[in-house]
Amino acid sequence: MAADLSSETGPIAAKRVTMDSSGGDATAITLPTWCRKVTVVFKQSGGSDDSGKLALSGTDGAAMGNDHFPIASGAALEWRIVPGRSRDTAGEVIFLSASTSSAYAHLLLEA
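Residue numbering for the sequence shown follows my numbering, beginning at -7 and increasing consecutively.
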């Protein structure tokens, strides 16, 4: 289930994104063009911590590939987007997956 956050207004935004209903499958997330830093935390639907993965390429709804960065349960990943990196007109697309089937990714987007 792709999530298009490209219309979010900055310079800061907090979003909760529902992960794919199959644990481990990728959810494509389009970031706004103003976004220069993303912080990601995974939570299960009941609020307990979950682990997940971040990738810069993939297919929405498909199993996450081997080229990903693991995010431990209870941990937050902060990722800085370098200006000048190629983007399409909508913004950077990242791929997230959670380890469980009923999970959310909490994102903090910063300019």
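Where is the CB? At the ideal position from N, CA and C, for every residue including glycine.
Does residue i come out as helix, strand or coil in the three-state DSSP assignment?
i, result
"GLY189", "Residue 189 cannot be examined here, being either before or after the span of the chain that is shown, -7 to 103."
"ARG8", "strand"
"VAL85", "strand"
"ILE63", "strand"
"ASP52", "coil"
Is the beta carbon of residue i sitting closer than 8 Å to the one on residue j?
i, j, result
"SER89", "ALA18", "yes"
"GLY53", "ASP12", "yes"
"ASP42", "THR92", "yes"
"LEU69", "LEU46", "yes"
Who are residue i's beta bridge partners in DSSP?
i, result
"HIS98", "ARG8, VAL33"
Does the beta carbon of residue i fall short of 7 Å from some heavy atom of the ligand NAP?
i, result
"THR92", "Absence of the ligand NAP from the depicted structure is noted, as is the absence of any ligand whatsoever, leaving it without description."
Is it buried or exposed for residue i, if we count other Cβ within 10 angstroms and need 16 for buried?
i, result
"PHE61", "exposed"
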